[in-house]
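Take a look at the structure set out below.
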Amino acid sequence: MISHVHYFAFINIDFISHFVARSPSFVRSFCSSSHSALDLTILSSFVLSANFATSLFTPFFRSEKSECHYTNGMQQVRYLKRLIWGQQEICYYDSDLGFSVACTELGRPIAEYWNRLEWLSYLWASVEKFCSYNYRRFKNITVGRRVKPRVKISTLKAESSHRPSLLVCSATGFYPSEIATKWFKNGQEETAGVVSRELLHNGDWTFQTQVMLETKPKRGDIYTCQVEHVSLQTPITMQWVAQPDSAKSKMFIGIGGFVVGLIFMVLGLLVYQKNKKGEDMHSLLPPQVFIHTLG
């Protein structure tokens, strides 16, 4: 499990290069950020500007990213703090090493500042104050959360009989994100023609993904999509059986005939019930008496 803390800023490379060389106080302010209220994800932004010729300045994107890596719960916790400038990492701190390392010349004075005792003391404590704290706080809603996937198979028929059809196995609404999806044809795993789409966030702490299989199905072929997930005791399997067009037509005709027959049967039953009700009402009427006179 990895948690991240991001700090972003827009700044100018000429601006920082000038002050890294001439102003140690600027380096301190550049390296330091307020960490008084850390959460799993914290976002703050600020803009630094100076009254210099604007033609000399090009905006750069500065991000400070903290990561917590957990192994077997909190048996082993690793804290990484990275400083990224213009999409390039310039220095980082690694709790496994116990000190900071410069990745570029621009990051060297920053790494040296991070390696001062007062800053190292803070970084050493971050393993407990940041990583372990957030693990305990969010364990129940992150580490222990399990949501089972919903699986279905859909087909995309090829426009030409010479081109393969596409079988799509969709898994939706699952958590955590790790999931394994396999295709089988007549019991044998298929690897050729298998394409996995990018894992997508649903926005509700669940994920979805699709794994597609390009194939030319023949009559009677059985295709199986198998999905494995930590929330499942046994894998979910869905099957799709290939049928020729003639068989499909016969199936639809049979279904149509069954529906028509069912309608006539219901109508006949209604007529019968109506007639029977009329006979019952007739039997309840008093007998009719006719009197005739002779003479």
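Under my numbering, the first residue of the sequence shown is numbered 126, with each subsequent residue one higher. Note that the Cβ used here is the ideal one computed from N, Cα and C, for glycine as well. Predicted, not measured: the structure shown is a model, and the values here were computed from it.
Check: In this structure, does DSSP put residue 268 in helix, strand or coil?; Outcome: helix
Check: Leaving out five residues before and five after residue 345 in sequence, what residues of the same chain have Cβ atoms less than 7 Å from its Cβ?; Outcome: 367
Check: Can you find the residues in the same chain that come closer than 6 Å, C-beta to C-beta, to residue 227, ignoring five residues on each side of it along the sequence?; Outcome: 216, 233 and 236
Check: Could you give the first and the last residue of the continuous beta strand (DSSP E) run that contains residue 204?; Outcome: 201-210
Check: Looking at the structure shown, is residue 262 part of a helix, part of a strand, or coil, going by DSSP?; Outcome: helix
Check: Let me make sure I understand the geometry here. Which of 250, 289, 225 and 256 has the alpha-carbon closest to that of residue 343?; Outcome: 289
Check: Considering residue 275, what are the terminal residues of the beta strand (DSSP E) in which it resides?; Outcome: 275-281
Check: Sort 292, 191, 307 and 281 by Cα distance to residue 252 and report the nearest one.; Outcome: 191
Check: Is the segment 292-300 touching the segment 264-275 in the sense that three or more CB pairs, one from each, lie closer than 8 Å?; Outcome: yes
Check: Please name the residue or residues paired with residue 227 in a DSSP beta bridge.; Outcome: 216
Check: Here's the rule I'm using: 16 or more other beta-carbon atoms within 10 Å means buried, otherwise exposed. How should residue 206 be labelled?; Outcome: buried
Check: Please give the ranges of any beta strand (DSSP E) in the segment 304-349, keeping only runs that are unbroken, at least 3 residues long and fully inside the region.; Outcome: 305-310, 313-315, 319-321 and 332-340
Check: Among 384, 265 and 307, which has the Cα closest to the Cα of residue 351?; Outcome: 307
Check: Could you tell me which residues DSSP pairs with residue 365 in its beta bridges?; Outcome: 348
Check: Classify residue 141 as helix, strand or coil using the three-state DSSP reduction.; Outcome: Residue confidence is low: residue 141 scores 44 on pLDDT, short of 50, so the model does not pin down where it sits. No coordinate-derived value is stated.
Check: For residue 334 versus residue 292, is the C-beta spacing smaller than 8 Å?; Outcome: no
Check: Could you compute how far the alpha carbon of residue 337 sits from the alpha carbon of residue 399?; Outcome: 56 Å
Check: Helix, strand or coil for residue 394, going by three-state DSSP, please let me know.; Outcome: helix
Check: Buried or exposed for residue 326, please, with buried defined as at least 16 other CB atoms from any protein chain shown within 10 angstroms of its CB.; Outcome: exposed
Check: Tell whether a beta-carbon distance below 8 Å holds between residue 278 and residue 363.; Outcome: yes
Check: Which partner residues of residue 354 appear in the DSSP bridge assignment?; Outcome: Bridge partners of residue 354: none, in fact.
Check: Which class does residue 295 belong to by DSSP, given the choice of helix, strand or coil?; Outcome: strand
Check: CA-CA distance, residue 294 and residue 361?; Outcome: 11 Å
Check: Within a Cβ cutoff of 7 Å, which residues of the same chain sit near residue 281, ignoring the five residues on either side of it in sequence?; Outcome: 290, 291 and 293
Check: Taking all protein chains shown into account, decide if residue 349 is buried (16 or more other Cβ within 10 angstroms of its Cβ) or exposed.; Outcome: buried
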